[in-house]
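Written below as structure tokens is the structure these notes are about.
Residue numbers (the numbering used here), protein chains in the order written: chain A, 2 to 98; chain B, 36 to 216.
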């Protein structure tokens, strides 16, 4: 899911500047539980771009059935009433029963 | 039929024919039994281009449409048969609900208007003709759920997607390169 941006003034959150390539993990009660992570805006853009690319995976274009492939399916993947045998005598003769 | 991918619909679905086969022999004759496939195959190999009417069990049942990318000239959809969870014991049902059974994709009953709690059977792919689908969808999987089903199908059947993944990565790398220039 794409991130939704919420913009706040620096005075409201007193966030430090974060250099590129660094994430500042802010904790509150326990050091091993992150409350929020701060990243450089350029790094955020890079992460979002990577996310968009990964999200685009699998969105493959449909490959339409060609006329020849359709003809093949029609010829060999559909019953042919003219070739149908429903007589016990004929079935026995064909299958050597 | 577009928009049905991820939909659960009621459909008439036959089971796969298996030996012993029963061939329809007209209304005045009992079906002809053929114990093994070899007689049928031998006749075909001799050049008999005949078709028989196989008596195959089937029933109306809910199915999960996994792809609606159908060619309108064919009118077929790809679907999975569903399993009623009551066919499993309590421990197995819990495993399915917990997502611990890769061959069965659970449908939370509160989201699916079905008589019983169900799961899609990943190993039960079936082609369904649109004329065999008789109802509007009773529910829809969301995109992420359908992706998960697709992934499980590929994994179950061992589909080698190497070329597809490689081509897609190359396409995405090219897109990324274009963005940076």
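Quick reminder that beta carbons are idealized off the backbone N, C-alpha and C, glycines included.
So, with DSSP's three-state summary, where would you put residue 111 of chain B? strand
Completely contained alpha helix (DSSP H) runs for the stretch 159 to 192 of chain B, where each covers 4 or more residues: 178 to 191
Taking only runs that begin and end inside the stretch 8 to 75 of chain A, name each unbroken beta strand (DSSP E) of 3 or more residues, in chain order. The qualifying runs are 24 to 28 and 35 to 40.
Kindly indicate if chain B contains any beta-carbon less than 7 angstroms away from that of residue 53 of chain A. no
Just the Cα atoms here: how many angstroms apart are residue 71 of chain B and residue 54 of chain A? If you draw a straight line from the Cα of residue 71 of chain B to the Cα of residue 54 of chain A, it is about 52 angstroms long.
Let me make sure I understand the geometry here. Which of B:104, B:99 and B:100 has the alpha-carbon closest to that of residue 66 of chain A? B:104
Determine the closest residue to residue 23 of chain A out of A:32, A:44, A:5 and A:8, with distance taken between C-alpha atoms. Taking only the C-alpha atoms, the option nearest residue 23 of chain A is A:44.
Closer than 9 angstroms by beta-carbon distance: list the chain A residues that pair up with residue 58 of chain B, in chain order. Going along chain A in sequence order, the residues near residue 58 of chain B (Cβ under 9 angstroms) are 86, 87, 89, 92 and 96.
Taking 7 angstroms as the cut-off, decide whether the C-beta atoms of residue 154 of chain B and residue 139 of chain B are in contact. yes
Step through the CB atoms of chain A and report whether any lies within less than 7 angstroms of the CB of residue 203 of chain B. yes
Establish whether the CB of residue 67 of chain B and some CB of chain A are separated by less than 7 angstroms. yes
Three CB pairs or more closer than 8 angstroms across the stretch 69 to 86 of chain B and the stretch 82 to 90 of chain A: yes
Considering only their Cβ atoms, is the gap separating residue 168 of chain B from residue 44 of chain B smaller than 7 angstroms? Yes, the Cβ-Cβ distance between residue 44 of chain B and residue 168 of chain B is below 7 angstroms.
When Cβ atoms are compared, which residues of the stretch 87 to 112 of chain B fall closer than 7 angstroms to chain A? Listed by position, the residues of the stretch 87 to 112 of chain B near chain A (Cβ gap below 7 angstroms) are 87, 88, 104, 106, 108 and 109.
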